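Residue numbering for the sequence shown is 1 to 589, as defined by the UniProt record's numbering. Beneath this line is the structure, given in structure tokens, with notes to follow.
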Amino acid sequence: MSEQITGAQSLVRSLEHAGVEVVFGIPGGAILPAYDPLMDSQKIRHILVRHEQGAGHAAQGYAVASGRVGVCMATSGPGATNLVTAIADAYMDSVPMVAVTGQVASRAIGTDAFQEADIRGITMPITKHSYLVTDPAEIPRAVAEAFHIAATGRPGPVLVDVSKDALQAMTTFSWPTDVQLPGYRPTTKPHGKQVREAARLIAESQRPVLYVGGGVVKANASTELRVLAEMTGIPLVTTLMARGAFPDSHDLHLGMPGMHGTVAAVAALQKSDLLISLGARFDDRVTGELSSFAPGAKVIHADIDPAEISKNRTADVPIVGDCREVIADLVVALQALYAQQPGDADRPDHSAWREQMQALRSRYPLGYDEPEDGTLSPQRVIQRISEVAGPDATYTAGVGQHQMWAANFIQHERPARWINSGGMGTMGFSVPAAMGAQVARAGEVVWAIDGDGCFQMTNQELATCALEGIPIKVAVINNSSLGMVRQWQTLFYEGRYSNTDLQTGSDAARIPDFVKLADAYGCVGLRCERVEDLDDVIAKAMSITDVPVVIDFVVHRDAMVWPMVPAGTSNDMIQIARDMAPDFGDEEL
């Protein structure tokens with residue numbers, strides 16, 4: 001006779017069979033039955049967070065850093081709804097995550113019972129799939145399918161909502177030997193004809209650009225990308241989600257495109273005659289005004305999600321498939337095409353185009369002005385952290401000015417070492433994401449680059465880090481403001497700073513005092529206000545490896561993110577400083 005166990009025990013056993021090693025969560029009434037057997041698990045480490053949003057972002061950071069599915073857990077009602085932001089964030093950035101939530105008893109569903117929320121309905125637009133389990137016998141199948149869906153095809157979040165009576169009822173455990181999901185068969189192998197057509201367009205092009213998106217990182221295709229780029233000599237750009245997919249130090253790399261991208265990257269897209277889009281989705285922050293984006297370019301668009309292809313920009317050659325397989329097949333197709341040509345003279349020569357873009361990169365390098373009043377430059381702080389910690393460190397970022405500075409002034413050399421909130425732009429992402437990344441990469445260096453606004457949204461997770469022995473390092477880029485909003489108010493609202501002063505800097509009340517806050521949470525709190533102290537403070541942070549460190553970098557308040565394409569305008573309107581635009585007109589290209 002099969003062993004009788006509770007649905008809760010079945011849930012924990014299912015998570016173990018799915019290979020889960022870490023769960024970030026908080027118990028509550030509806031999920032409480034699952035927490036009892038979880039206490040006895042020898043395979044799963046549960047990390048008690050201080051807020052469910054922190055659990056979700058920690059699961060994201062863990063997923064990106066480990067390459068595995070991240071798992072978060074919460075109770076019904078507000079516990080579940082507090083996960084919504086992280087679920088939406090994971091959906092936008094294609095992060096594999098399974099969110100397990102408790103639900104009120106099945107007989108009470110729909111009665112507005114205490115702590116009832118239709119979390120399946122709420123999250124339906126922001127999950128790859130969702131389950132409401134009211135039969136304990138269905139728990140193993142739902143969990144097995146959830147992990148399969150989250151990790152395959154275009155990765156993303158899956159919700160498993162389990163009613164309290166299903167957790168309490170008796171059942172038998174049977175883990176599925178295989179997952180059968182009619183209608184769900186992601187295409188990973190690209191169509192050969194489309195790949196050959198793409199190779200033909202590349203061979204015919206004069207000004208091609210490799211437009212590299214986060215899908216290349218998700219597919220672990222960095223090695224294949226480098227082979228393609230070096231074989232063809234085609235310059236490339238990496239989006240915010242693809243930083244590190246190709247080394248910043250490589251001559252072919254023009255930087256990040258888009259609203260706060262480099263002049264060379266933006267110009268290359270605008271003046272190209274062929275965009276080779278790999279795992280990118282033509283996001284508005286890259287394209288600017290879509291009708292004016294890369295007006296003379298044909299488009300090869302490769303993506304594992306067919307819904308993305310031609311969604312924003314019509315593709316001349318659509319390729320559905322995993323980026324790693326697409327790039328590998330494209331390399332073979334180009335080699336075959338080149339082999340048919342008698343000599344180098346008949347092969348595409350992109351050297352003139354490449355030299356023009358490299359000249360533009362040299363003429364308009366990323367840079368910044370040191371504040372005249374002697375205060376710290378935020379760009380210098382982030383650049384120096386990168387130089388000291390190096391490309392092997394993992395960097396997470398919140399959202400705002402510090403995120404853009406981190407994207408541009410950290411030296412990104414390796415994939416999956418840059419973790420940030422791209423599509424959703426979630427403030428508060430950095431600290432819990434760093435926590436998750438540090439759990440995945442124990443013993444390695446993890447820096448959270450945060451702003452004073454973002455930091456105050458989720459810094460309670462410092463308590464989790466301190467108690468759980470998760471020694472992240474947090475750089476608070478403190479300009480006493482909601483910096484990016486203040487920048488827009490400076491540029492577009494005549495300097496009317498409505499509700500953007502946070503009063504956290506040296507010229508204000510310091511509410512809160514971040515050093516004292518760090519100390520209160522059991523962390524080491526440091527402060528840096530002078531350029532001459534910068535190296536010593538960073539060195540001190542790097543020397544502490546057993547507890548979290550928080551550094552309050554009090555920086556110049558009016559530093560701005562440049563370059564910038566004003567929202568809703570053409571990329572041709574890029575500015576390198578206020579009232580200053582670069583020249584990348586036809587006479588130059």
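Built from N, CA and C at the ideal position, the CB exists for glycine as well. Fair warning: this is a prediction, and the values are worked out from it, not measured in the lab.
With respect to the 8 Å criterion, F553 and I477 are classified as neighbours on the basis of their beta carbons.
Here K193 is exposed. Its C-beta has fewer than 16 other C-beta atoms within 10 Å. Taking C-alpha positions only, F282 is separated from I139 by approximately 38 Å. By the Cβ-count criterion, S2 is exposed, with fewer than 16 other Cβ atoms from all chains shown falling within 10 Å of its own Cβ.
For R441, the closest C-alpha among the options C72, V84, Q489 and A63 is that of A63. P318 counts as buried, since no fewer than 16 other beta carbons sit within 10 angstroms of its beta carbon. For S205, the CB contacts under 6 Å within the same chain, skipping 5 residues up- and downstream, are D273 and L274 in chain order. Scanning V100, R380, Q180 and D583 for the CA closest to the CA of V22 turns up V100. Beyond the five residues adjoining it in sequence on each side, D501 comes within less than 7 Å, by CB distance, of S480 and S481 in the same chain, given in chain order.
Taken through DSSP and simplified to helix, strand or coil, V399 comes out as coil. R107 has its alpha-carbon roughly 46 Å from the corresponding atom of R417. If one requires a minimum length of 4 residues, the alpha helix (DSSP H) runs lying completely within the UniProt domain "Thiamine pyrophosphate enzyme central" (195–330) are 214–218, 222–232, 263–271 and 284–287, in chain order.
DSSP places S362 within a helical segment (H, G or I) once states are collapsed to three.
In this chain, the beta strand (DSSP E) harbouring G25 covers V22 to G25.
Nearest neighbour of P176 by Cα position, chosen from R285, G258, V158 and F147, turns out to be F147. For E308, the closest alpha carbon among the candidates S94, I26, V550 and V69 is that of S94. For C465, the secondary structure class from DSSP, reduced to helix, strand or coil, is helix. The secondary-structure analysis by DSSP pairs C72 across a beta bridge with F24 and A99. Contact holds between the segment 434–452 and the segment 44–60, because three or more Cβ pairs, one in each stretch, are under 8 Å apart. Contact between T569 and G258 is ruled out by a C-beta separation of about 12 Å, above the 8 Å threshold. By DSSP's assignment, C528 forms a beta bridge with F553. For K473, the enclosing beta strand (DSSP E) stretches over residues K473 to N478. S430 counts as buried, since no fewer than 16 other beta carbons sit within 10 angstroms of its beta carbon.
Within the same chain, and ignoring the five residues on either side of L526 in sequence, the residues whose Cβ sits closer than 6 Å to its Cβ are V537 and I551. The beta carbon of Q9 is closer than 6 Å to those of P37 in its chain, skipping five residues each way along the sequence. Under the DSSP assignment, H148 falls in the alpha helix (DSSP H) whose first and last residues are I139 to A151.
Of A30, A466 and Q487, the smallest CA-CA separation from A113 is found for A30.
When the five nearest sequence neighbours on each side are left out, no beta carbon in the same chain lies closer than 6 Å to the beta carbon of G261. For the options Q340, A448, M170 and M427, the alpha carbon positioned closest to that of A389 is the one of A448. One thing to note: G7 has its Cβ no nearer than 8 Å to the Cβ of T75. Judged by their CB atoms, E145 and D248 are not nearer to each other than the 8 Å cut-off.
For R107, there is no enclosing beta strand (DSSP E), as DSSP marks it with neither H nor E. Here N459 carries a coil assignment [DSSP, helix/strand/coil].
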